[in-house]
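Scroll down for the structure; my scribbles are underneath it.
Numbering (UniProt numbering), first residue to last: 1 to 327.
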């Protein structure tokens, strides 16, 4: 995917990164086929690297400091590193190991880290080739993996790297408020007034008070962030949007209120979640609104111009606003 935030580096810089992470003996030789950009992500740039030994690894590099990102994306690589550490320490959910992380800004202008390459297929790219039964089986696995991730308990709501709050209502309203602030700052037209959206959110915010225990939330666990092989998930990737929050905000629940995102039944079956209560339904609709606002506003920050994508995300925002209004 093409995006303004992708911080591409020269072969010379990539070689220097390899030397720092794996030592001089692993720097690739003169061949030209040692490096391939992995293109499916929207935010960070990632390269598949063949080391001199033949081992495959990935270098992931954060956006350059001069590119304006949305508020919730600031410090995303530090969040991802914290998330990987938590997941590996407290769950059996498969995630890549971190071979080396560098936040010195000495070799390039941003944070970066190195990890083993995952031998598998990206579920999002594979999805259209699967039968309905195969898709459901993977969604059940995603549900089970998400449920296990959500067993990790935190001490406060908010960013993994802090600061936090003992109130989910305070944290979530600040999260969605910052997205609206980002949109206003760049003059993004939403088809709905910013003041009206803030009032709508506040009028439903008491539903958030039901959430009293901070849990690890992956939030971005879509098909595109699952690597699969031989019918099973072999790795979950891209953890930079994780936080301490309400598990019901997880991506797999989105379709329970926004049908354009698919069918949530298999995910919920794998997760082990009962049908949503009325208060959970209100919260889930607020979370759908949060996602829809991000999808629309990020098009300005990422300079996305595909008319089909722009029309689709704006339709989702209209749908999300209508659902929250109807509760």
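Positions of the beta carbon are idealized from the N, C-alpha and C atoms, including for glycine. None of the values given here were measured: they were computed from a predicted structure.
The beta strand (DSSP E) enclosing residue i, as first and last residue numbers
| i | result |
| --- | --- |
| residue 77 | No beta strand (DSSP E) holds residue 77; the alpha helix (DSSP H) holding it covers 76-90. |
| residue 146 | First-last for residue 146: 132-149, but that is the alpha helix (DSSP H), not the beta strand (DSSP E). |
| residue 313 | Where residue 313 is concerned, there is no enclosing beta strand (DSSP E), although the alpha helix (DSSP H) it sits in stretches over 307-326. |
| residue 214 | Counting along the chain, residue 214 falls outside any beta strand (DSSP E), and DSSP gives it neither H nor E. |
| residue 289 | First-last for residue 289: 278-301, but that is the alpha helix (DSSP H), not the beta strand (DSSP E). |
| residue 352 | This structure cannot settle anything about residue 352, because the visible part of the chain is limited to 1 through 327. |
Other residues of its chain near residue i: CB distance less than 8 Å, five sequence neighbours each side excluded
| i | result |
| --- | --- |
| residue 22 | 51, 57, 99, 100 and 114 |
| residue 121 | 227, 228 and 229 |
| residue 252 | 139, 142, 143, 146, 221, 264, 267, 268 and 271 |
| residue 313 | 292, 295, 296 and 299 |
| residue 170 | 157 |
Spatially closest choice to residue i from the options, by CA coordinates
| i | options | result |
| --- | --- | --- |
| residue 281 | 299, 261 and 255 | 255 |
| residue 149 | 28, 178, 108 and 84 | 84 |
| residue 232 | 296, 43 and 145 | 145 |
| residue 71 | 316, 194 and 177 | 177 |
| residue 291 | 61, 69, 250 and 189 | 250 |
| residue 25 | 13, 10, 53 and 37 | 53 |
| residue 224 | 87, 128, 17 and 34 | 128 |
| residue 166 | 9, 209 and 55 | 209 |
| residue 107 | 152, 17 and 55 | 17 |
| residue 59 | 117, 131, 29 and 66 | 117 |
| residue 30 | 47, 12 and 20 | 12 |
| residue 353 | 55, 93 and 186 | Since the displayed the chain opens at 1 and closes at 327, residue 353 lies outside it and no answer follows. |
| residue 274 | 200, 198 and 248 | 248 |
| residue 92 | 151, 68 and 49 | 151 |
| residue 200 | 322, 27 and 295 | 322 |
| residue 373 | 19, 182, 216 and 134 | Nothing can be reported for residue 373, as the shown portion of the chain is limited to 1 through 327. |
| residue 335 | 311, 28 and 301 | An answer regarding residue 335 cannot be provided, because it is not within the stretch 1 to 327 covered by the chain. |
Spatial neighbours of residue i in its chain, beta-carbon cut-off 6 Å, leaving aside the 5 residues before and after
| i | result |
| --- | --- |
| residue 241 | 219 and 220 |
| residue 78 | 161 |
| residue 154 | 214 and 244 |
| residue 211 | 168 and 246 |
| residue 175 | none |
| residue 261 | 254 and 255 |
| residue 47 | 35, 37 and 59 |
Neighbourhood of residue i by C-beta, 7 Å cutoff - its chain only, sequence neighbours within 5 removed
| i | result |
| --- | --- |
| residue 360 | Residue 360 lies beyond the range of the chain shown here (1 to 327); nothing can be said about it. |
| residue 80 | 239 and 240 |
| residue 204 | 282, 286, 324 and 327 |
| residue 258 | 288, 316, 319 and 320 |
| residue 136 | 266 |
| residue 184 | 194 |
| residue 27 | 15, 18, 19 and 52 |
| residue 182 | 70, 71 and 297 |
| residue 10 | none |
Residue range of the unbroken alpha helix (DSSP H) whose run includes residue i
| i | result |
| --- | --- |
| residue 106 | Here residue 106 belongs to no alpha helix (DSSP H), and DSSP marks it neither H nor E. |
| residue 265 | 265-271 |
| residue 169 | 168-185 |
| residue 198 | 194-203 |
| residue 11 | 11-22 |
Per DSSP, cross-strand counterpart(s) of residue i
| i | result |
| --- | --- |
| residue 163 | For residue 163, which the question treats as bridged, DSSP gives no partner whatsoever. |
| residue 61 | 45 and 112 |
| residue 37 | 47 |
| residue 244 | 158 and 216 |
| residue 102 | 112 |
| residue 228 | 121 and 233 |
| residue 56 | 50 |
| residue 153 | 215 |
Supposed close pair residue i, residue j - CB separation, criterion 8 Å
| i | j | result |
| --- | --- | --- |
| residue 157 | residue 244 | 5 Å |
| residue 82 | residue 160 | 4 Å |
| residue 143 | residue 222 | Wrong, their Cβ atoms sit about 13 Å apart, outside the cutoff. |
| residue 283 | residue 207 | 5 Å |
| residue 235 | residue 95 | 6 Å |
| residue 188 | residue 297 | 5 Å |
| residue 318 | residue 191 | 7 Å |
| residue 180 | residue 289 | Rounded, the Cβ-Cβ distance is 10 Å, inconsistent with contact. |
| residue 112 | residue 119 | With 8 Å as the limit, residue 112 and residue 119 do not qualify as a contact, their Cβ atoms being about 22 Å apart. |
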